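**Student:** Using my numbering, read the sequence shown as starting at 97 and increasing by one per residue.
Please read through the structure below; I'll follow up with questions.
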Amino acid sequence: MSDPAQQTITPRHPDFTFDDNLPLNWHPAGPAVTQFYNALSLSFPEGERFFVDAVKHYRNQITDPQLLKDVRGFAGQEAIHSNEHVSFNKWLDSKGLKTKPIERAVRMGPAVTFRWLPHKYQLALTCALEHFTALFAEQILSNPEALGDAPQVLKDIWTWHALEESEHKAVAFDVYATLFPGWRGYIARSVTMAIMTVDFTFATLLGQTYLMYQAGDLWNGKAWRDGFKYQMGTPGIWRKVMGGIPEYFKPSFHPNDRSTDELTTKWRAWYAQTLQAN
Ligand SMILES: [Fe+2]
Ligand SMILES: [Fe+2]
97 MSDPAQQTIT PRHPDFTFDD NLPLNWHPAG PAVTQFYNAL SLSFPEGERF
147 FVDAVKHYRN QITDPQLLKD VRGFAGQEAI HSNEHVSFNK WLDSKGLKTK
197 PIERAVRMGP AVTFRWLPHK YQLALTCALE HFTALFAEQI LSNPEALGDA
247 PQVLKDIWTW HALEESEHKA VAFDVYATLF PGWRGYIARS VTMAIMTVDF
297 TFATLLGQTY LMYQAGDLWN GKAWRDGFKY QMGTPGIWRK VMGGIPEYFK
347 PSFHPNDRST DELTTKWRAW YAQTLQAN
C-alpha cells in the first residue's frame, strides 16, 4: 500500500527539446508501439486540461487542507504535462505526421462531449482515466522494457510524466470519495469505469491506427505483430494495465492499495540527479 505521507506532489519544470535528428520511429519495439505512445501523447493536452477542470470544480467544497494542497499539486503537474506534450506533439507534426485530425477528434471528447456531463460524472471519468494513467505509469517506472533503449529525451519525458502520475494518482479519487461517498458514488464510478475502459481502448487503437496510416505502416504486418507482442506478450504492457482494472470495481478500492512508494522514491532521485541538475 502507498503511504499518503510519502506522496508529496511536486510540480517539476523540465524543458524538453525534441530536435530534427530524433527518429520518427523512436520506440525500439517498432512503429506500432511508437504510434501507440504518440496517440497517447496527442490526447494529453486536452485530456489533462479536462481532468484539472473536473477536479477544480469541487475545490470550494473541500475542507481538508492536505487534500486542497494535493489538488494544487495535481493541477500544477497536469498543466506542465500538457505544455511538454504540446512540444512533443509539435515535433511529431514536424516529422510529417498529420496530428491535427487526432487533436480535433480528442477535442470532441474531453473538450466538447464530456463537458456536457454532470460534474459528478466528469469527476468519475477523471478518476477512471487517472487509474489507467497510474497503471501505465507503474509499468513505465518498473519495467525497463517499457521504453527500452529509446532516445534519451523520449525516455525522459515519459519517465518524468509517469513519476508525477504516480505521485498524484489518488488526488481525483480522494476528491470524488469525499464528495460522493457510499453506494451511489460507488455505482457511478464503476459504471463510468466500465464505459471508459471500452472508450479508452477504442480511442487509443483508432489514434494509433490513423498514425500508422500517416507513417505508411498501416499494412506493415511485422510492426503490428511486434506491437501485439509488446502489449499482450512480453513485456505485456497493455495486458498488465488491464490486469489492474478489475480492482477498481471493489467497493473498498483506493488508488493507494497499490504500493508505488519504492518506485516514486527511486525516480524522484533520478529526476533530481539528471533533469533537475541540468
Ligand atoms: Fe499527466
Ligand atoms: Fe494525472
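Don't be surprised by glycine CBs; every beta carbon is placed ideally from N, CA and C.
Quick caveat: nothing in here was measured; it's all calculated off a predicted structure.
Tell me which residues pass a beta-carbon proximity test against ligand 1: closer than 6 angstroms to any heavy atom, given in chain order.
**Tutor:** The set, ordered by position in the chain, is Glu144, Glu174, His177, His257, Glu261.
**Student:** Beta-carbon separation of Gly169 and Thr113 under 9 angstroms?
**Tutor:** Against the sequence shown, residue 169 aligns to sequence position 73. Against the sequence shown, residue 113 aligns to sequence position 17. Not closer than 9 angstroms, so no.
**Student:** Candidates Ala220, Arg145, Gln162, Glu241: which alpha carbon is nearest Gly126's?
**Tutor:** The residue you call residue 126 lines up with position 30 of the sequence shown. When only C-alpha atoms are compared, the closest one is Glu241.
**Student:** Suppose you measure from the CA of Arg335 to the CA of Gly329; what does that come to, to the nearest Å?
**Tutor:** Within the sequence shown, numbered from 1, the residue matching residue 335 stands at position 239. Within the sequence shown, numbered from 1, the residue matching residue 329 stands at position 233. C-alpha separation (whole angstroms): 8 angstroms.
**Student:** Answer yes or no: the CB of His264 versus the heavy atoms of ligand 2, is any distance below 8 angstroms?
**Tutor:** As a working mapping, residue 264 is identified with position 168 in the sequence shown. At least one heavy atom of ligand 2 is nearer than 8 angstroms to the Cβ of His264, so yes.
**Student:** So the alpha helix (DSSP H) Glu263 belongs to, where does it begin and stop?
**Tutor:** Against the sequence shown, residue 263 aligns to sequence position 167. Per DSSP, Glu263 belongs to the alpha helix (DSSP H) from 248-263.
**Student:** Could you pull out every residue in the same chain whose Cβ sits closer than 7 angstroms to the Cβ of Ala230, ignoring the five residues on either side in sequence?
**Tutor:** Here residue 230 corresponds to residue number 134 of the sequence shown, with the count starting at 1. Here the set comprises Glu261, Ser262, Lys265, Pro351.
**Student:** Is it the case that the CB of Thr209 approaches a heavy atom of ligand 2 more closely than 8 angstroms?
**Tutor:** Residue 209 sits at position 113 when you count from the first residue of the sequence shown. For ligand 2, not one heavy atom lies less than 8 angstroms from the Cβ of Thr209.
**Student:** Let's test the definition: count the other Cβ atoms within 10 Å of the Cβ of Thr360 and tell me whether it reaches 16, buried, or not, exposed.
**Tutor:** Counting from one through the sequence shown, the residue named residue 360 turns up at place 264. Buried: at least 16 other Cβ atoms inside 10 Å.
**Student:** Alpha helix (DSSP H) containing Trp366: first to last residue?
**Tutor:** Position 270 of the sequence shown holds residue 366. Taken as a continuous stretch (DSSP letters only), the alpha helix (DSSP H) holding Trp366 covers 357-369.
**Student:** Let me check understanding here. Comparing Cα to Cα, which of Asp99, Pro107, Gly323 lies closest to Leu259?
**Tutor:** Here residue 259 refers to the residue found at position 163 of the sequence shown. Measuring from the Cα of Leu259, the nearest candidate turns out to be Pro107.
**Student:** Using a Cβ-Cβ cut-off of 6 angstroms (strictly less than) and excluding sequence neighbours within five positions of Ser139, which residues of its own chain qualify?
**Tutor:** Locating residue 139 in the sequence shown gives position 43, counting from the first residue. Cβ neighbours of Ser139 beyond the five flanking positions: Val202.
**Student:** Is Asp353 buried or exposed, if buried means 16 or more other CB atoms sit within 10 Å of its CB?
**Tutor:** In the sequence shown, residue 353 corresponds to position 257, counting from 1. Exposed, since its Cβ has fewer than 16 Cβ neighbours within 10 Å.
**Student:** Give the DSSP-derived three-state secondary structure of His181 in the structure shown.
**Tutor:** Mapped onto the sequence shown, residue 181 falls at position 85. Reduced to three states, the DSSP call for His181 is helix.
**Student:** With a 10 Å radius around its C-beta and 16 neighbouring C-beta atoms as the bar for buried, classify Gln372 as buried or exposed.
**Tutor:** Within the sequence shown, the letter at position 276 stands for residue 372. Exposed, since its Cβ has fewer than 16 Cβ neighbours within 10 Å.
**Student:** Answer yes or no: the CB of Thr300 versus the heavy atoms of ligand 2, is any distance below 8 angstroms?
**Tutor:** As a position in the sequence shown, residue 300 is number 204, starting the count at 1. Checking every heavy atom of ligand 2 against the Cβ of Thr300, none is found closer than 8 angstroms.
**Student:** Give the straight-line distance between the Cα atoms of Ala368 and Pro110, rounded to the nearest whole angstrom.
**Tutor:** By 1-based counting over the sequence shown, the position of residue 368 is 272. By 1-based counting over the sequence shown, the position of residue 110 is 14. Rounded to the nearest angstrom, the two C-alpha atoms are 11 angstroms apart.
**Student:** Are the C-beta atoms of Leu259 and some chain B residue less than 9 angstroms apart?
**Tutor:** Among the chains in the structure shown there is no chain B, since it carries only a single protein chain.
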